[in-house]
Every structure is written in structure tokens, then in C-alpha cells.
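See below for the structure under consideration.
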Amino acid sequence: MARKRIGEVLIERGLITAPQLDAALGHQRQGGGRLGTTLVALGALSEGQLTVTLGELQGLQVVDLSREVPDWAALHLLRPEFCERHLVLPLSLGEERGRRILRLAVADALDLPTIDAIEYQTNCKVRPVLAGASQIRAAVARWLHGGGHRNFDLGGGGEMELIRPGGVAEIVQTDTALLDSDFEVEEGEVLPLVDELAPATGRSREIFQADYDFLFGSAPKAEDRVEALERKIDALAELLERKGLCTRQELEKALGVRRSLPGHA
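The opening position of the sequence shown corresponds to residue 4 in the working numbering, with each subsequent residue numbered one higher.
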């Protein structure tokens with residue numbers, strides 16, 4: 004039995020009308036593109052309705068990216084610009100029969116050239132799941148461009164328990180006004196965090212400085228910063244090598260590290 008086309012399925016389900024389908028087909032003949040995307044652009048169909056229908060027809064899982072937290076290792080396999088252009092988002096890495104499996108959110112599972120390119124670039128077998136185009140754009144902005152760092156809903160403020168050195172507990176007040184404040188920083192300028200935040204909390208600079216130092220530490224000396232950076236590079240090299248993402252030599256070359264990392268001559 005021949006597989007039904009998406010336009011026929013949408014009409015059978017009462018999601019669109021025959022005139023709407025004819026109008027979309029006319030636009031598609033002129034401008035190209037997918038029929039479903041054209042129906043959404045014309046307002047005849049919602050993006051969610053299209054995604055669910057495509058998932059059923061193609062036998063693919065449909066995901067809600069507003070509830071997904073991508074794995075760091077998977078997320079950084081692809082560049083943000085590539086994800087935006089092709090409407091894809093890496094979600095997680097797994098392994099099956101000795102081969103890495105990349106769970107990938109896609110807006111168009113029939114874009115086989117893009118999927119093939121991702122498999123070649125990442126050396127992973129791609130397992131696509133469907134998500135709406137707008138959800139993928141929002142997720143790329145949130146996870147790859149840092150656009151989601153202000154998506155906190157803390158109500159009108161509250162309390163938190165701060166454990167100070169020695170195990171002494173203190174209840175401190177939180178204020179969402181701090182999250183709503185926009186600190187404008189020119190490029191290359193360092194934000195004087197304590198000077199900006201202390202007045203907003205209603206606490207003295209000295210008390211706030213003590214809290215800040217306890218949470219984040221005082222400014223390290225130059226030699227301490229170099230040593231700490233070297234330890235981070237060592238740890239990163241070990242992690243990437245253990246996960247099979249790159250070798251220590253590749254990381255050294257990419258970072259321009261002249262010394263040998265521990266364990267290598």
C-alpha cells in the first residue's frame with residue numbers, strides 16, 4: 004500500500020482544509036521548500052501540529068526542547084552557526100556495539116545530506132528525534148549562545164542558607180532585583196561586582212566583600228593563576244581523551260601548549 008502524503012493526512016485529521024492545501028502547494032511550486040513548513044508559514048497549521056504529525060508518519064520520537072538538558076559533550080560537537088543554519092541540536096552521546104551514538108534533535112529528518120555530514124564530522128551514528136524549528140532556534144540560543152542565563156523565576160525573593168567556614172549556618176535574604184538589574188559593561192571592561200551589588204543588597208561593602216571572597220575566593224596571584232590554568236588544561240585533556248573526543252596531542256596543538264602534559268614526554 005502506498006504511503007499517504009502529509010497533505011492527505013493533515014486533511015483527514017481535520018488539521019487543514021483542501022483549499023489551504025491547494026494554496027500551500029501553489030506557494031511551494033513558486034518558492035520551493037517543504038509542504039509542512041509552507042503550511043506553517045501560511046498560518047494554516049501550527050508548528051507543534053506539524054511536528055507531531057511528522058513524528059507519527061516517520062516513526063520518530065518528538066521531543067520538547069524546553070524540557071531537555073543537553074549533555075555538554077554532545078552539545079559542543081557542532082558549531083552554533085551550523086546548528087542554526089541546519090536547525091539541529093545535539094542532545095546526548097551514547098554507545099552501541101562499540102560505536103558512538105549521537106541523539107540529535109532535527110526539524111527536518113529528511114535532510115539526509117546534513118545528517119550524513121554530521122556523522123562524518125563527529126564520527127558518530129546519528130539517531131534523529133524531531134523538534135519544532137522555533138524550539139531548536141531557542142535551544143541553540145540558550146545552550147550555545149548563553150541566551151538562557153536569565154531564565155530564572157524566583158518569585159519576589161526569598162531566603163537561602165549560607166554555610167560559612169567552620170560549619171556555621173546563616174540565613175540570608177535573596178532579592179530577584181539583582182537578577183533583573185542590567186549591568187552594562189563595555190568590551191574589555193571588568194565589572195566591579197562588589198561595588199555594583201553591595202548597595203543593591205542593602206549590606207555594607209565589607210560584609211558583602213567577605214561573602215564574595217568566601218564564595219569565589221580572593222584574586223589569586225599571577226603565578227597561582229598560571230598553575231591553576233595548567234591544572235585545568237591537564238584535567239580537560241584527561242577528560243577529552245577518556246571520552247574519546249580528542250587526544251592530548253591534538254589538544255596541545257589546538258591550544259598551542261608547548262610543554263608536555265603529565266604522562267607524556
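Quick reminder that beta carbons are idealized off the backbone N, C-alpha and C, glycines included.
In this text the structure is predicted, and so the values were computed from the model without any measurement.
Quick check: the Cα distance between Leu113 and Val132, rounded to an integer number of angstroms? What you label residue 113 is simply residue 110 of the sequence shown in a count that begins at 1. What you label residue 132 is simply residue 129 of the sequence shown in a count that begins at 1. Roughly 12 Å between the two C-alpha positions.
Can you grab the Cα-Cα spacing for the pair Asp119 / Leu63, in whole Å? What you label residue 119 is simply residue 116 of the sequence shown in a count that begins at 1. What you label residue 63 is simply residue 60 of the sequence shown in a count that begins at 1. Approximately 18 Å, taken between the alpha carbons.
How far does the beta strand (DSSP E) with Glu98 in it extend, from its first residue to its last? Start at 1 with the first residue of the sequence shown, and residue 98 comes out as number 95. Run containing Glu98: Val91 to Glu99, per the beta strand (DSSP E) assignment.
When you compare the segment 138-147 with the segment 78-86, are there three or more beta-carbon pairs, one atom per stretch, that lie closer than 8 Å? Touching, yes.
Can you say whether Gly39 is buried or exposed, counting buried as having 16 or more other CB atoms within 10 angstroms of its CB? In the sequence shown, residue 39 corresponds to position 36, counting from 1. By the 10 Å Cβ count, Gly39 comes out buried.
Is the beta carbon of Val66 sitting closer than 7 Å to the one on Ala134? The residue labelled residue 66 in the question sits at position 63 within the sequence shown. The residue labelled residue 134 in the question sits at position 131 within the sequence shown. Result yes, Cβ atoms of Val66 and Ala134 sit closer than 7 Å.
Return the CA-CA distance between Cys127 and Val55, expressed in angstroms with no decimal places. Within the sequence shown, residue 127 is the residue found at index 124, counting from 1. Within the sequence shown, residue 55 is the residue found at index 52, counting from 1. Whole-angstrom Cα-Cα distance: 26 Å.
By DSSP, does Ala238 sit in helix, in strand, or in coil? Mapped onto the sequence shown, residue 238 falls at position 235. Ala238: helix per DSSP, three-state reduction.
Curious, which full-length alpha helix (DSSP H) runs of at least 4 residues does the segment 109-136 contain? For the segment 109-136, whole alpha helix (DSSP H) runs of length 4 or above, ordered along the chain, are 115-125.
Just to confirm the assignment: which complete alpha helix (DSSP H) runs, minimum length 4, are found wholly within the segment 26-62? As far as the segment 26-62 is concerned, its whole alpha helix (DSSP H) runs of at least 4 residues are 38-44 and 50-61.
Sufficient close CB pairs (3 or more, under 8 Å) joining the segment 10-19 to the segment 40-60: They touch, by the three-pair rule.
Cut-off 7 Å between Cβ atoms - residues of its own chain near Ala257, not counting five sequence neighbours on either side: Stepping through the sequence shown from its first residue, residue 257 is reached at position 254. Non-local beta-carbon contacts of Ala257 in its own chain, meaning distances under 7 Å to residues more than five positions away in sequence, are absent.
Assuming contact is defined by CB atoms lying nearer than 7 Å, are Leu94 and Ala108 in contact in what I supplied? Here residue 94 is taken as the residue at index 91 of the sequence shown, counted from 1. Here residue 108 is taken as the residue at index 105 of the sequence shown, counted from 1. Against a cut-off of 7 Å, the Cβ pair of Ala108 and Leu94 comes out as a contact.
Suppose you measure from the CA of Val188 to the CA of Gly101; what does that come to, to the nearest Å? Position 185 of the sequence shown holds residue 188. Position 98 of the sequence shown holds residue 101. Since pLDDT at Val188 reaches only 41, below the 50 mark, its modelled position is unreliable, and no value is offered.
Where does Ile19 fall in DSSP's three states? For the purposes of this step, residue 19 is taken as residue 16 along the sequence shown, with counting starting at 1. Collapsing the DSSP output to three states places Ile19 in coil.
Residues bridged to Leu105 (per DSSP): Taking the sequence shown and counting its residues from 1, one reaches residue 105 at position 102. Note: Leu105 sits in a beta bridge opposite Leu96 and Val129.
Where Leu45 falls, given that 16 or more other Cβ within 10 Å makes a residue buried: Residue 45 sits at position 42 when you count from the first residue of the sequence shown. Taking all protein chains shown into account, Leu45 has fewer than 16 neighbouring C-beta atoms within 10 Å of its C-beta and is therefore exposed.
How many whole angstroms separate the CB atoms of Leu96 and Leu105, which I take to be in contact at a CB cut-off of 8 Å? Against the sequence shown, residue 96 aligns to sequence position 93. Against the sequence shown, residue 105 aligns to sequence position 102. At roughly 6 Å, the Cβ-Cβ gap stays under 8 Å, so Leu96 and Leu105 are in contact.
If Ala136 and Leu90 are in contact, beta carbons under 8 Å, what's the gap, nearest whole angstrom? For the purposes of this step, residue 136 is identified with residue 133 of the sequence shown, where counting begins at 1. For the purposes of this step, residue 90 is identified with residue 87 of the sequence shown, where counting begins at 1. Contact flag correct, Cβ pair sits at about 5 Å.
Name the two residues that bound the continuous alpha helix (DSSP H) containing Arg251. Here residue 251 refers to the residue found at position 248 of the sequence shown. Looking at the DSSP string, the run of the alpha helix (DSSP H) that includes Arg251 is Arg251 to Leu258.
Just mark Arg251 as buried or exposed, buried being the case when its beta carbon has 16 or more other beta carbons within 10 Å. Taking the sequence shown and counting its residues from 1, one reaches residue 251 at position 248. Burial is judged here by how many other beta carbons sit within 10 angstroms of a residue's own beta carbon; Arg251 has at least 16 and is buried.
Is Val12 helix, strand or coil when you go by DSSP? Translated into positions along the sequence shown, residue 12 becomes position 9. Residue state, collapsed to three classes: helix.
Measuring alpha carbon to alpha carbon, tell me which residue in Arg37, His30, Leu53 and Arg6 is nearest Leu13. Taking the sequence shown and counting its residues from 1, one reaches residue 13 at position 10. Comparing Cα positions, the closest option is Leu53.
Where Leu68 and Gln61 are concerned, what is the direct C-alpha to C-alpha distance, given to the nearest angstrom? Translated into positions along the sequence shown, residue 68 becomes position 65. Translated into positions along the sequence shown, residue 61 becomes position 58. Here the C-alpha atom of Leu68 lies approximately 19 Å from the C-alpha atom of Gln61.
Counting along the chain, where does the alpha helix (DSSP H) carrying Leu248 start and finish? Counted from its first residue, the sequence shown places residue 248 at position 245. Under the DSSP assignment, Leu248 falls outside any alpha helix (DSSP H); it carries neither an H nor an E label.
Using the three-state DSSP reduction, which class does Val66 fall into: helix, strand or coil? Position 63 of the sequence shown, counted from the first residue, corresponds to residue 66. Collapsing the DSSP output to three states places Val66 in coil.
Compare the Cα-Cα distances from Lys7 to each of Gln33, Gly29, Glu59 and Gly36 and report the closest residue. On the sequence shown, residue 7 is found 4 positions in, with the first residue counted as 1. Checking every option, the nearest Cα to that of Lys7 belongs to Glu59.
Assuming Gly34 and Leu24 make a contact with CB atoms under 8 Å, what is their CB distance in whole Å? Translated into the one-based positions of the sequence shown, residue 34 becomes position 31. Translated into the one-based positions of the sequence shown, residue 24 becomes position 21. The Cβ separation is near 16 Å, so there is no contact.
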